[in-house]
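Heads up, the thing below is written out as structure tokens.
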Amino acid sequence: MQPGTTDTKCYQLTASQFDWEISKGKKIRAWGFNNTIPGPVLRAKKGDKIAVKVKNELQEATVVHWHGIRLPAAMDGTDNTQRPIQPGEEFEYCFTVPDAGTFWYHSHQNETVQMERGMYGALIVEDNTDPVFDAEKILMMDDMKLNADNQFKKGNRIQRWVERHDGRQGNTILINGKENTVITVNAGQTERWRFINASSARYIRLYFGGKTFKIIGTDGGLLEQILNVTEVLMIPGERIDIAAGPFIEGENFSIESLPYNRTTFVKTKNVQLANVMVGEAKPSIAFIPSNLRDIEPLAQQQAVINRKIEFAVDINLKHGVDFFVNGVTHHSDKPVNVGELQVWEISNSSLMDHPFHLHGFFFQVIEENGKAPGYRAWKDTYNLKPKSKIKIAWMPDDRPGMWMYHCHILEHHEAGMMGHFEVVDPMKGTTHSHHHHHIQST
Ligand SMILES: [Cu+2]
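Counting in the numbering used here, the sequence shown runs from 34 upward without gaps.
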């Protein structure tokens, strides 16, 4: 292939039910893609086209959302942009991947069931200018809530209230669909570890037993500089790439999630995610430049706000609790115009945390509670702390159509903590037909 030319990567995903062994002798009735949890890793180079045929062999409709990809609205994979894929039907998603980074795909239909049971996978976009590593690992983290018979729990009325309030927090920690994961790495080498939080509601405070680790990227690809930390919070939907190593032969440590209090009824404890074991030394070719890339600021901290969005929670005697955006559930927000910089203030008036996710566009956080953030990054998922405010900037480029934002705690999203809006090309006018069920599947 000539340098600079692009390629089309073709994939087939079949959604179905199957038995999946999460550890020796422990089987669950999973829903997923191609009989594996996670589904197959989809891989492409920046600028490539991806064509994915999704066949639905479930008993119910599904759609597949491509989390973090700046694709055309019609390919976003929500029931807002396409007719869900009915049982027995097939739909082909086809789009260019314009950014390098760690992305993922997951069901966007009946998510609290379909994602809970395993309908997700990684989508990795590489670039020739990426830092060089000795190896790469993708670590998709999830938790499942299983009863003693390894069935998915539904719970009584009170438990369902709690689950609606907290989001479903599982008792079974999975990395790449398996319990008790052991990660092996060669001494002297440096690997790229791509972490994806695919859980419904779990806030993961990633911790390597006190070791310092190097964050090199997040949702929208590389940071400008390496960030040295001993822990990092990963909210549902978020990705973190780290440079892991070099380690010393015989070294052995746990990757844990430290407790995080997000004002839930069910409190989280320290959980073990994986065990890292360092084997024999091998030579390294890893090269990570100190300047990873430049990220141009989209707006200054003082930029004038052109929209305010408020995430709120209220008590309701019937449901226990309700989730609102600007006072309503399933908010229908005002359109935005192609090419007009958006500066949004997003506030969280509740006492709980909510992971804010914007479909199809990256944003930059330019202010949080009155302060500029410590570094610049392209984000599509960002934590709204209790009683806090962020200011984000994003540019609606020329991809008109229906888009949405929502809380990525799936139970909150389902309860209505979301808004949809149209990106309009002012030269062409609205593209939104009266109802969205106009795209026929094949
Ligand atoms: Cu929420």
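Glycine residues also receive a C-beta, built at the ideal position from the N, C-alpha and C atoms.
Unbroken stretches of the beta strand (DSSP E), 3 residues or longer, contained in the stretch 389 to 470 = 397 to 401, 414 to 417, 421 to 427, 434 to 440 and 451 to 457
Is there at least one non-hydrogen atom of ligand 1 closer than 8 angstroms to the beta-carbon of G200?
-> yes
Please name the residue, chosen from N381, R116 and K79, that lies closest to R295 on a Cα-to-Cα basis.
-> N381
Cβ contact (3+ pairs, closer than 8 angstroms) linking the stretch 227 to 234 and the stretch 195 to 202 = yes
Between the stretch 412 to 427 and the stretch 376 to 392, do three or more beta carbon pairs fall short of 8 angstroms?
-> yes
In chain order, what residues place their C-beta within less than 6 angstroms of a heavy atom belonging to ligand 1?
-> H387, C440, I442, H445 and M450
If you draw a straight line from the alpha carbon of K170 to that of G462, how long is it in whole angstroms?
-> 45 angstroms
From R409 to V337, what does the alpha carbon distance come to, in whole angstroms?
-> 19 angstroms
Just checking my contact of G434 with V456 at CB under 8 angstroms: how many whole Å lie between their CB atoms?
-> 6 angstroms
Do you know offhand how far F51's Cα is from L331's?
-> 46 angstroms
Going by beta carbon distance, what residues of the same chain come within less than 6 angstroms of L266, once the five residues before and after it are set aside?
-> R238
Are P164 and L255 touching if we call contact CB-CB under 9 angstroms?
-> yes
Between the Cα of K59 and the Cα atoms of N213, H100 and L91, which residue gives the shortest distance?
-> N213
Can you tell me whether DSSP reads V130 as helix, strand or coil?
-> coil
Kindly identify the DSSP beta-bridge partner or partners of V304.
-> S290
Buried or exposed by the 16-neighbour rule on C-beta atoms within 10 Å, applied to V361 | exposed
Out of I83, Q147 and F241, which has the shortest C-alpha to C-alpha gap to V158?
-> I83
Since I216 is in the beta strand (DSSP E), which residue starts that stretch and which ends it?
-> T214 to A220
Length of the line joining the Cα atoms of H468 and W99 | Here the model assigns H468 a pLDDT of 43, short of 50, so the residue's position is not dependable and the matter cannot be decided.
Close-in-space but distant-in-sequence residues of the same chain around T492 (CB under 8 angstroms, 5 per side omitted) = Residue coverage of the chain in this structure runs from 34 to 475, which leaves residue 492 outside it and unanswerable.
Return the first residue and the last residue of the alpha helix (DSSP H) that E257 is part of.
-> That residue, E257, is in no alpha helix (DSSP H); its beta strand (DSSP E) goes G254 to V262.
Could one say the Cβ of I102 lies closer than 9 angstroms to chain C's Cβ atoms, at least one of them?
-> Note that chain C does not occur in the displayed structure, where there is just one protein chain.
For R227, which of helix, strand or coil comes out of DSSP?
-> strand
Can you give me the Cβ contacts of N285 inside the same chain, cut-off strictly under 8 angstroms, excluding the 5 residues immediately before and after it?
-> N308, V309, M310 and V311
Close beta carbons around P117, own chain, < 6 angstroms, minus the five adjacent residues each side = A94, V96 and Q142
Hey, out of I70, F128 and T69, whose CA is closest to R103's CA?
-> F128
Nearest-angstrom Cβ-Cβ length linking A106 and R432, presumed shorter than 8 angstroms = 6 angstroms
Environment of G393 [buried if 16+ CB atoms lie within 10 Å] = buried
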